[in-house]
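For the sequence shown, counting from 1, position 82 maps to 489 in our numbering; every step adds exactly one.
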Amino acid sequence: MPAMNNILSKWVPVSERSRSLAFVYSGMYLGSVTGLAFSPMLIHKFGWPSVFYSFGSLGTVWFSLWLSKVLKFNLTESGLLSVLPWLTMAFSANLGGWIADTLVSRGVSVTMVRKLRAKLVEIVLMVFMVFG
């Protein structure tokens, strides 16, 4: 919420900020109403994970439209290299989580798993710093 105040302070004239902020917050409240209204139906018909998949998919579509329409973000102009680190992190975070859970389920202590992950990240960063 503090980020929204900051964004509106840069995008909206002072004379319209209160109305703009009220409009944005009412959108958040209506989003909660929508989620609470549709979630029971989704859970009943498709199971509880469907709530996350449905709203996550809608959020992804909304985010894509926001990037292209509001920020005028064009992937071909900015280049694939600008999104590559984020795609890599999205993939590697999930892979790391899966590996960590597997190690813990096989008896490796949580402390040791955390230390191994930290050391692995340090080694990968070192390799990229030296050879990248």
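Every residue, glycine too, gets a C-beta built ideally from N, C-alpha and C.
Requested in this report: Look at the alpha carbon of residue 529 and the alpha carbon of residue 535, and state the distance between them as a whole number of angstroms.
Outcome: 10 Å
Query raised in the report: Alpha carbon to alpha carbon, how far is residue 489 from residue 413?
Result: 25 Å
**Report entry** residue 469: first and last residue of the uninterrupted alpha helix (DSSP H) it sits in
**Finding:** 456–476
Query raised in the report: The alpha helix (DSSP H) with residue 480 in it runs from where to where?
Result: Unbroken run through residue 480: none, as it is neither H nor E.
Query raised in the report: According to the Cβ coordinates, are residue 449 and residue 433 closer than 8 Å?
Result: no
Query raised in the report: Do you know offhand how far residue 502's Cα is from residue 477's?
Result: 32 Å
**Report entry** C-beta atoms of residue 431 and residue 411 nearer than 8 Å
**Finding:** yes
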